[in-house]
């Protein structure tokens, strides 16, 4: 119950932001940050809760983006239908990759490699295939109507992506409280022990992969609608694989809010770095790389975990302080 | 005599050139405690791995509850009612004791509230009532063994495979946990236990199988096995055998 | 229609390209064989080495083949320090963490290069960059021939280190049985760092061999290293002969695939082989069970 209230509160606070903030620059920053948070929440389901570290989540992001873009640009399909189709396509790709890799029993490093390879294959194919516009990419026609999933006001885009993030937060919360979630976490902690307790590890991982892919694909679809242009390095590039992985790790993998917090922190730090150095390419990603190493080194459970540790540490310290005082009076 | 719940029929396990288990056969009746003893490296855990689905035998069959379950994966066997504990205790480290047992309870109960209730009940039954909300990795060795037992019991098994559940426990801890194991028969659960703690084996088990170098070299009641010369030579040693015989008189 | 001479030339070129692939893969497989991690920073380190070789040539006029003698020890030091002071401590001994830490390093290094040098591609043109030798039926590039020979020299030197020196023996001990080696008094952290250093040194030498014919930009290493991953998986993680043979095989496959399918699809072909190997026989041709 408390978890759901927390989600409602967070979403309400974030929803109020456009009332206070009018600047397009800030709104744009928030839209992109929430989009990354969405992609990251997708990774979080498979990597955070499931412990399967994918280095190729771009495969799902890009598929969502390309499917919706192609349907709109080449076939005149309605943007919202394209959105749903993009998510479904992303989920399907997840099912295929997951089906192949989990049945083969791939774990850990090998899983990371294989997902990386799949994303690379898709990137190369997209850079040469005519249907994806090859080297040129795909442009979605400007059509600023809600029916076409395009909005005049940036605030409306913001509310849409916020709604999607809210759904993703709810998904994580529901998973945490469900049997599927208990099984998924058990598989993460110890796959053999989980199997001995009746958990069909392969199917559980596959399920997590499909959900994960769908969520990240939604972020890709949104990207296409917001920027109206995609090409292979954008859709399937390593940048999104890294950001989708980074944000939940920084925020706290395997928690409901980890990806959102991680996105806010990482993106803010990246912006701050760019502000200081004046937009030289590479600096923001440099900070991401450094953050990843530092988080693993000093706060492996992410910010959420570190805060929880801090809290229990203070509680213990307080309890310890009381004892000598009691003894003195004893 | 009724069909035994578990019947292992001439199972062999070959790893490359090594024959870890050589045409081993054993059986375990329902609601009884059966022991599998033998020197280290005899292949006992390998046999358990075959029975619980973690290994496919190179030859032989495993029959359980009237069905041939050879080669079925562990989760399918768990659903049929075979549960096991691991020799090297493997709690789900990041979770609390209650959450650990919950995973087992979820096998038969989909709803979280029901499964939590069952987990709490099982936790109390094995004596972990006081530590249910502690992180599993803070438990002592004895506590972890009970947790391992609780997780398996939460799946409501008909057959429980205990792999050296007493290892690493001091005599008083052993004294405390033995009644819990004995109680399992009373509840209708068949137990097959791999053990080295002979006193416990002899006082708990109705029937004993002895595995040495992958082969079953003897079987029978505890007293019979303690008198068997090959067993004494291969494993027990004369001093221990004598002690066991006198203990069994009581 | 396709003259056998062209085919043979493609194969020979593939063999020579494969040599450098093999060298990069050698470093990777060495690191995996001992530390049991996949070093995701390998590509970024190659990019860094390419820039180093480029700068050394530009600022000091040092020919890359001589620069190798300077850069190899330098990068050995860098690799040693990275493992000893960053990767090792940050990972707290967990495999999953090491994956992430090496990835984080890769992102950091690659983007540090981007930040410092921008994305423009640079090349080095040397007197012999385009020189070829006439073998009668075909012409082969001088620099590529030198690379081919150099890789064997490096492999030989590594073999000598592994078999004759104490450090080499310690490395093999740790690779086989870390706990036992530790109990025997071997400083595992030092050995890990040394191995990482050797792997990085291989990368530095590979960069020097590549420079006359290859391009230099922050992501150049990545393109290379995915091929190296493929080779290591194909040849078997931790297997040195596997890396060498795998390198030549992949070099030839790439050359022929690129020839028949065009460069991009050729690359896709390699990745598909990679995925197939991972799914069907993850231990590769010569590797131990994963």
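Protein chains in written order, with this note's numbering: chain A, 92 to 421; chain B, 141 to 390; chain C, 161 to 450. For every residue, glycine included, the Cβ atom is placed at its ideal position computed from N, Cα and C. Computed from a predicted model, the values in this text were never measured in an experiment.
Buried versus exposed call for residue 217(C) [16 or more other C-beta atoms within 10 Å across all chains shown]: buried
Spell out the partners DSSP gives residue 159(B) in its beta bridges. Under DSSP, residue 159(B) takes part in a beta bridge, and its partners are 154(B).
Who are the neighbours of residue 379(A) on chain C, taking C-beta pairs under 9 Å? 264, 267, 268 and 271
If we count the other Cβ atoms within 10 Å of its Cβ and call it buried at 16 or more, is residue 323(B) buried or exposed? exposed
Reducing DSSP to helix, strand and coil, say where residue 389(B) ends up. Only weak support exists for where residue 389(B) lies, its pLDDT of 49 falling under 50; the value from the coordinates is given anyway. In this structure, residue 389(B) counts as helix in the three-state DSSP scheme.
Within chain A, the residues that residue 256(C) reaches when beta carbons sit closer than 7 Å: 144 and 199
Between residue 218(B) and chain A, is there a C-beta pair that is closer than 8 Å? yes
Taking C-beta to C-beta, are residue 286(B) and residue 300(B) nearer than 8 Å? no
Does the structure place the segment 244–258 of chain C close enough to the segment 363–380 of chain C that three or more beta carbon pairs sit under 8 Å? no
Does the segment 357–371 of chain C come close enough to the segment 186–200 of chain C to have 3 or more Cβ pairs within less than 8 Å? yes
Quick check: the Cα distance between residue 203(B) and residue 349(B), rounded to an integer number of angstroms? Taking the straight line joining both Cα atoms gives about 17 Å.
With DSSP as the reference, label residue 428(C) as helix, strand or coil. helix
Can residue 102(B) and residue 225(B) be called in contact, C-beta distance under 8 Å? No information on residue 102(B) is available, as it lies outside the stretch 141 to 390 that chain B covers here.
Going by the CB atoms, is the gap between residue 175(B) and residue 341(B) shorter than 8 Å? Taking a C-beta distance under 8 Å as the contact criterion, residue 341(B) and residue 175(B) qualify as a contact pair.
At 3 residues or longer, and completely inside the segment 267–330 of chain B: list those beta strand (DSSP E) runs for me, N to C. 299–303
Whose C-beta lies closer than 6 Å to the C-beta of residue 193(B) among residues of the same chain, with five residues either side of it excluded? 212, 213, 214 and 217
What residues from chain C crowd round residue 371(A), counting only those whose CB sits closer than 7 Å? Ordered by position in chain C, the residues that pass the 7 Å Cβ test against residue 371(A) are 275.
Looking at C-alpha atoms only, which residue of 343(A), 265(A), 366(A) and 404(A) is the closest neighbour of residue 392(A)? 343(A)
Members of the segment 203–214 of chain B near chain A, C-beta cut-off 9 Å: 213 and 214
Going by CA-CA distance only, name the one from 268(A), 126(A) and 143(A) that's closest to residue 254(B). 268(A)
Counting only beta-carbon separations shorter than 8 Å, does residue 259(C) have a partner in chain A? yes
Give every residue of the same chain whose Cβ lies closer than 7 Å to the Cβ of residue 184(B), excluding the five residues on either side of it in the sequence, and list them in chain order. 176, 178, 334 and 351
8 Å CB neighbourhood of residue 236(B) in its chain, flanking five on each side removed: 272, 273, 274, 275 and 276
Say whether chain A places a C-beta atom closer than 8 Å to the C-beta of residue 410(C). no
For the segment 270–281 of chain A, enumerate the residues whose C-beta is nearer than 8 Å to any C-beta of chain B, in chain order. 270, 273, 274, 276, 277, 280 and 281
Contact check, residue 430(C) vs residue 410(C) under 8 Å by CB: the rounded distance? 7 Å
Contact with chain A by residue 291(B), beta-carbon distance below 8 Å: yes
When you compare the CB of residue 138(A) with every CB in chain B, is at least one pair closer than 8 Å? no
Is residue 209(A) close to chain C, meaning its C-beta is less than 8 Å from at least one C-beta of that chain? Chain C contact via Cβ: present.
Just to confirm, are residue 328(A) and residue 156(A) a CB contact at a threshold of 8 Å? no
Alpha carbon to alpha carbon, how far is residue 266(B) from residue 316(B)? 10 Å
Segments assigned alpha helix (DSSP H), at least 4 residues, entirely inside the segment 164–216 of chain B: Counting only runs of 4+ residues, the alpha helix (DSSP H) found wholly inside the segment 164–216 of chain B occupies 184–191, in chain order.
What's the C-alpha gap between residue 238(B) and residue 348(C)? Their backbone Cα atoms lie some 38 Å apart in a straight line.
Partner residues on chain B for residue 288(A), Cβ-Cβ distance less than 7 Å: 218, 243, 244, 247, 291 and 295
Starting from residue 355(B), find everything on chain A with Cβ-Cβ shorter than 9 Å and list it in chain order. Per Cβ cutoff of 9 Å: no residues; residue 355(B) is ~26 Å from chain A at best.
Given a threshold of 16 other Cβ atoms within 10 Å of its Cβ, counted over all protein chains shown, does residue 389(B) qualify as buried or as exposed? With a pLDDT of only 49 at residue 389(B), under 50, the local geometry of the prediction cannot be trusted, and the value read off the model is given with reservation. Counting Cβ neighbours within 10 Å, residue 389(B) comes out exposed, since fewer than 16 surround it.
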